[in-house]
Amino acid sequence: MNTVSRDEPQGLRLTWRIVQVVCFTFLAYLVIGLQLAVLPPFVHGELGYGAVLAGLVISTQYIATLLSRGFAGRTSDTAGPKRAALIGMAACGASAVLMILAALLRPWPLASLALLLLGRLALGVGESCVGTGCIMWGIGRVGAAHTAKVISWNGVATYGALAAGAPLGVQLAGAFGFVAIGIAGALLMVLGLLLAWRRPAAKVASGERLPMHHVFGRVLPYGMGLALGAVGFGALATFVTLYYAAMGWSGAAATLSVFGACFVGVRLVFGGAISRFGGYRVALVSFVAEFAGLLVLAAAGSASVAMFGGALTGLGFSLIFPALGVEAVQRVTLSNRGSALGAYSVFTDLALGVAGPLGGWLVSGGRYGPLFVVAACFTAMAFALTGWLYLRYGRETY
Numbered sequence: 227m228n229t230v231s232r233d234e235p236q237g238l239r240l241t242w243r244i245v246q247v248v249c250f251t252f253l254a255y256l257v258i259g260l261q262l263a264v265l266p267p268f269v270h271g272e273l274g275y276g277a278v279l280a281g282l283v284i285s286t287q288y289i290a291t292l293l294s295r296g297f298a299g300r301t302s303d304t305a306g307p308k309r310a311a312l313i314g315m316a317a318c319g320a321s322a323v324l325m326i327l328a329a330l331l332r333p334w335p336l337a338s339l340a341l342l343l344l345g346r347l348a349l350g351v352g353e354s355c356v357g358t359g360c361i362m363w364g365i366g367r368v369g370a371a372h373t374a375k376v377i378s379w380n381g382v383a384t385y386g387a388l389a390a391g392a393p394l395g396v397q398l399a400g401a402f403g404f405v406a407i408g409i410a411g412a413l414l415m416v417l418g419l420l421l422a423w424r425r426p427a428a429k430v431a432s433g434e435r436l437p438m439h440h441v442f443g444r445v446l447p448y449g450m451g452l453a454l455g456a457v458g459f460g461a462l463a464t465f466v467t468l469y470y471a472a473m474g475w476s477g478a479a480a481t482l483s484v485f486g487a488c489f490v491g492v493r494l495v496f497g498g499a500i501s502r503f504g505g506y507r508v509a510l511v512s513f514v515a516e517f518a519g520l521l522v523l524a525a526a527g528s529a530s531v532a533m534f535g536g537a538l539t540g541l542g543f544s545l546i547f548p549a550l551g552v553e554a555v556q557r558v559t560l561s562n563r564g565s566a567l568g569a570y571s572v573f574t575d576l577a578l579g580v581a582g583p584l585g586g587w588l589v590s591g592g593r594y595g596p597l598f599v600v601a602a603c604f605t606a607m608a609f610a611l612t613g614w615l616y617l618r619y620g621r622e623t624y
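Okay, so the sequence shown: first residue is 227 according to the numbering used here, each after it adds one.
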């Protein structure tokens, strides 16, 4: 691993430089969070469409995110990560404006639905560009030696914004109507663009630009490890509420809150472990914790035991993305690391896309234990793959 230069900012000064950039991730994901809980009721209740179309409106964003990861990475490498982040916030702002128009065209359901779908596509592109751009911008501001810390803080901003945005969106829609969600999102992005414009840009690294398929090939094994580990997160996030209901327990929302608190807490407290011990070792320990948490969930005989399993799963999953991500981006030169990060991030999208239908098939008989056992098996496979990568590459320096 790289050592930290004496000239690089340390302690609180370093953290402040990172926060100055990842705050734009927070603002963008706050816009995403505002929409999450209020869009399905609007499509189903206000526009009169069925649950399938309500789900399609939500999933459209994830499809756009997946397809635009490569664009976001290449833009960060060639035009600079600040430019990518600005494009992303502009796209999120456009999504908010389209939501305002959709709310105003509510008497014409088809036109309103079409605008919502366009808005979700724009939001997906915005998510890709802001997520990749802000990470690479932060790394450019504090140095590649602090890659893990930047990724960790960006994750805190992401999940913190989603957690705050969903209930805030419900409150805004209840008090002022659906149009307030679009207005709030547009104002947040105007604020973000004004603040970001004044921030210093990161230097664009010079060097050969590898074709995207070459970059993808280099990060593929790390992305596979991430995807295998993310299935457990997807299973918990998607099915824990149904699991509790099937078992006759209360407290599903509290379990999700505990999971989120453990996830964020580990990133804040132990984010420096990746720089100290290396991404491979941290990932291996993380997979063990996640594996144990999923098995506890599978065998839980009470809500409190299931909550403990959710906490363990959150503790384990927290550092997997930054731990493997640090190692993944170091498989390419500095001039290609934005593309590498974009390609690596695709695997989270793929895992969450697979977890829903796979989980639905596994629980079709009404039993949820097998779902978490299968997710634990995927985590064990991720552990084995990461162990192989460590034995092959773990002693290399970059």
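Backbone N, C-alpha and C fix where the C-beta goes; we use that ideal spot for every residue, glycine too.
Just so it is clear, the structure is predicted and the values come from calculations on it, not from any experiment.
Contact belief for residue i with residue j at Cβ below 8 Å, rounded distance in angstroms
i, j, result
"A410", "L611", "No, A410 and L611 are not in contact; Cβ-Cβ is about 42 Å, not under 8 Å."
"L452", "L550", "5 Å"
"T605", "G455", "6 Å"
"I659", "V351", "No answer is possible for residue 659: the residues shown for the chain start at 227 and end at 624."
"F402", "A329", "With 8 Å as the limit, F402 and A329 do not qualify as a contact, their Cβ atoms being about 11 Å apart."
"G536", "L462", "6 Å"
"A374", "G505", "7 Å"
"C481", "G357", "Per the sequence shown, the amino acid found at residue 481 is Thr instead of Cys. Not quite, the Cβ-Cβ distance comes to about 26 Å (not below 8 Å), so this is no contact."
"V257", "M415", "6 Å"
"A322", "A412", "4 Å"
"V445", "I244", "So it is not a contact: roughly 23 Å between Cβ atoms."
"A317", "A348", "5 Å"
"I407", "M315", "Not really, about 17 Å apart at Cβ, beyond 8 Å."
"V264", "L342", "With a Cβ gap of about 11 Å, V264 and L342 do not count as contacting."
"P493", "S561", "Note on identity: in this sequence residue 493 is Arg, with Pro being the wrong assignment. Rounded, the Cβ-Cβ distance is 28 Å, inconsistent with contact."
Local Cβ density within 10 Å of residue i, reported as buried at 16 or more and exposed below that
i, result
"V247", "buried"
"H372", "buried"
"T384", "buried"
"D233", "Residue placement at D233 cannot be trusted, given a pLDDT of 46 that sits under 50; the coordinates are not used to answer."
"K429", "exposed"
"Q397", "exposed"
"A608", "buried"
"W363", "buried"
"V531", "exposed"
"S476", "exposed"
"W627", "As shown, the chain starts at 227 and ends at 624. That puts residue 627 outside it, with no answer to give."
"E434", "exposed"
"P596", "exposed"
"S501", "buried"
"A478", "buried"
"L617", "exposed"
"V555", "buried"
"A254", "buried"
"S528", "exposed"
"N380", "buried"
"P548", "buried"
Start and end residues, alpha helix (DSSP H) containing residue i
i, result
"A467", "One point to set straight first is that residue 467 is Thr, not Ala, in the sequence displayed. Here the alpha helix (DSSP H) through T467 covers M438 to M473."
"A608", "G595 to Y619"
"K308", "P307 to L330"
"G565", "The residue you asked about is not Gly; residue 565 is Ser in the sequence shown. It spans R563 to L588 - the alpha helix (DSSP H) in which S565 sits, taken as one unbroken run."
"F543", "A529 to F543"
"T559", "Element bounds for T559: n/a, residue is neither H nor E."
"G485", "Here residue 485 turns out to be Phe, not Gly, going by the sequence shown. Its alpha helix (DSSP H) spans residues A478 to F496."
"P393", "T373 to F402"
"R507", "G505 to A525"
"G350", "P335 to V368"
"R424", "V405 to R424"
Test: residue i CB closer than 7 Å to a CB of chain D
i, result
"S528", "Note that chain D does not occur in the displayed structure, where there is just one protein chain."
Cβ-heavy atom distance, residue i to the ligand ADP, below 6 Å
i, result
"L576", "Because no ligand of any kind appears in the structure shown, any question about the ligand ADP cannot be addressed here."
*Do the segment 521-538 and the segment 593-605 touch if we need at least three Cβ pairs shorter than 8 Å?*
Taking 8 Å as the limit for Cβ pairs, the verdict is that the segment 593-605 does touch the segment 521-538.
_Is it the case that the segment 473-488 contacts the segment 559-573, given that we only count it when at least three CB pairs across the two stretches are under 8 Å?_
Flag = no, the segment 559-573 and the segment 473-488 do not touch.
_Segment contact flag, the segment 295-311 with the segment 578-591, C-beta cutoff 8 Å, min 3 pairs_ = No, they do not touch.
*asked:* Taking contact to mean 3 or more Cβ pairs, one atom from each stretch, closer than 8 Å, check whether the segment 433-442 and the segment 558-565 are in contact.
replied: Judged by pairs of C-beta atoms under 8 Å, the segment 433-442 touches the segment 558-565, as three or more such pairs exist.
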